[in-house]
Amino acid sequence: MVKAILPLYKIEPSQGQRKQLLRKNSPWVHAIHAHIRYRMMLGLHCITDEQIERKEIYQSEYGKWCMKITEKYGYNFDFLKQHHSHHSSADIRVKGVPSVYCTRVNEGHHQETRDAYGLRVGNHRNNDRHVTQVDATKEAMARIRMTVDEYDKELKEHADDVTRMRLSLLNLSKLLKKQISAMIRPIGDWDLAKNWLIPGVQ
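Under the numbering used here, the first residue of the sequence shown carries the number 320, and numbering increases by one thereafter.
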């Protein structure tokens, strides 16, 4: 667009000394402003139907100012890139936003992010629904994991209690055996009944 403006006004190089090269009410200013808003909407990574409708408003405003430029200056906007903007809404609804049409730098990172949030399936359409579904699934998985962990913890504590009880019973039986063996005197050739008496009890 700037390449088209400069020959039109035949502006000489001024090394930044000129200001207000275009008048405030110039159709070029309005067309550039509408084009910037339209391109900003196309640059979104996810877009809703309301935003597509707003883009169409900006696009019609841009078309209106382009017609005024054609009437006033005779500039022709009939070229392929200009024509493609007319089909952008249908393309977004069918294929998704333009940022997913081509391979870009760090595309692998974007693919991982899309895979993580399930956006690869939706191609950035109905993004809120996809993110909500993925978050709900992750939340359910986290709850299941927490339930399993709690159950494992209870089993481990129960197993530890059983082990402790077994150890204490084993220690108790060893202690009882020791005490019983200490209380029983070895049997000799003399009176057996006397040897079997518990010390201190007559």
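By construction, the Cβ of each residue, glycine as well, lies at the ideal position given by its N, Cα and C atoms.
- Message: Short of 7 Å in beta carbon distance, which residues of its chain neighbour Lys-493, apart from the five on each side in sequence? Order them along the chain.
- Response: Position 174 of the sequence shown holds residue 493. Closer than 7 Å at Cβ, skipping near neighbours: no residue.
- Limits of the unbroken alpha helix (DSSP H) element including Gly-382: The count along the sequence shown starts at 1 and reaches residue 382 at position 63. Where Gly-382 is concerned, the enclosing alpha helix (DSSP H) stretches over 368–392.
- Message: Taking the alpha carbon of His-405 as the reference point, which residue from Ser-418, Ile-388, Tyr-377, Asn-344 has its own alpha carbon closest?
- Response: Position 86 of the sequence shown, counted from the start, is the residue given in the question as residue 405. The option with the nearest alpha carbon to His-405 is Tyr-377.
- Query: For the candidate residues Trp-347, Ile-411, Glu-380, whose alpha-carbon lies nearest to that of Asp-368?
  - Reply: As a first step, residue 368 is located in the sequence shown; it is residue number 49 there, counting from the start. Of Trp-347, Ile-411, Glu-380, the residue nearest in Cα terms is Ile-411.
- Task: Look up Ser-345 in the DSSP assignment and say whether it is helix, strand or coil.
- Result: As a first step, residue 345 must be located in the sequence shown, where it is residue number 26. The answer is coil: DSSP assigns Ser-345 none of H, G, I, E or B.
- Coil, strand or helix - His-364 by DSSP: By 1-based counting over the sequence shown, the position of residue 364 is 45. His-364 falls in the coil class under three-state DSSP.
- Query: Looking at the unbroken alpha helix (DSSP H) that takes in Asp-410, where does it start and where does it end?
  - Reply: Locating residue 410 in the sequence shown gives position 91, counting from the first residue. 407–414 is the extent of the alpha helix (DSSP H) around Asp-410.
- Task: Using alpha carbons as the reference points, say which of Ile-366, Thr-456, His-352, Asn-344 lies closest to Ser-379.
- Result: If you number the sequence shown from 1, residue 379 lands on position 60. Checking every option, the nearest Cα to that of Ser-379 belongs to His-352.
- Beta-carbon separation of Met-360 and Lys-374 under 7 Å? Counting from one through the sequence shown, the residue named residue 360 turns up at place 41. Counting from one through the sequence shown, the residue named residue 374 turns up at place 55. Result yes, Cβ atoms of Met-360 and Lys-374 sit closer than 7 Å.
- Message: Relative to the C-alpha of Gly-415, which candidate in Leu-363, Arg-483, Glu-473 has its C-alpha closest?
- Response: Here residue 415 is taken as the residue at index 96 of the sequence shown, counted from 1. Closest in alpha carbon position to Gly-415, among Leu-363, Arg-483, Glu-473, is Leu-363.
- Message: For Ser-407, which residues in the same chain have their Cβ closer than 8 Å to its Cβ, ignoring the five residues on either side in sequence?
- Response: Position 88 of the sequence shown, counted from the start, is the residue given in the question as residue 407. Closer than 8 Å at the Cβ level, and outside the excluded window around Ser-407, lie Leu-361, Lys-374, Gln-378, Pro-417.
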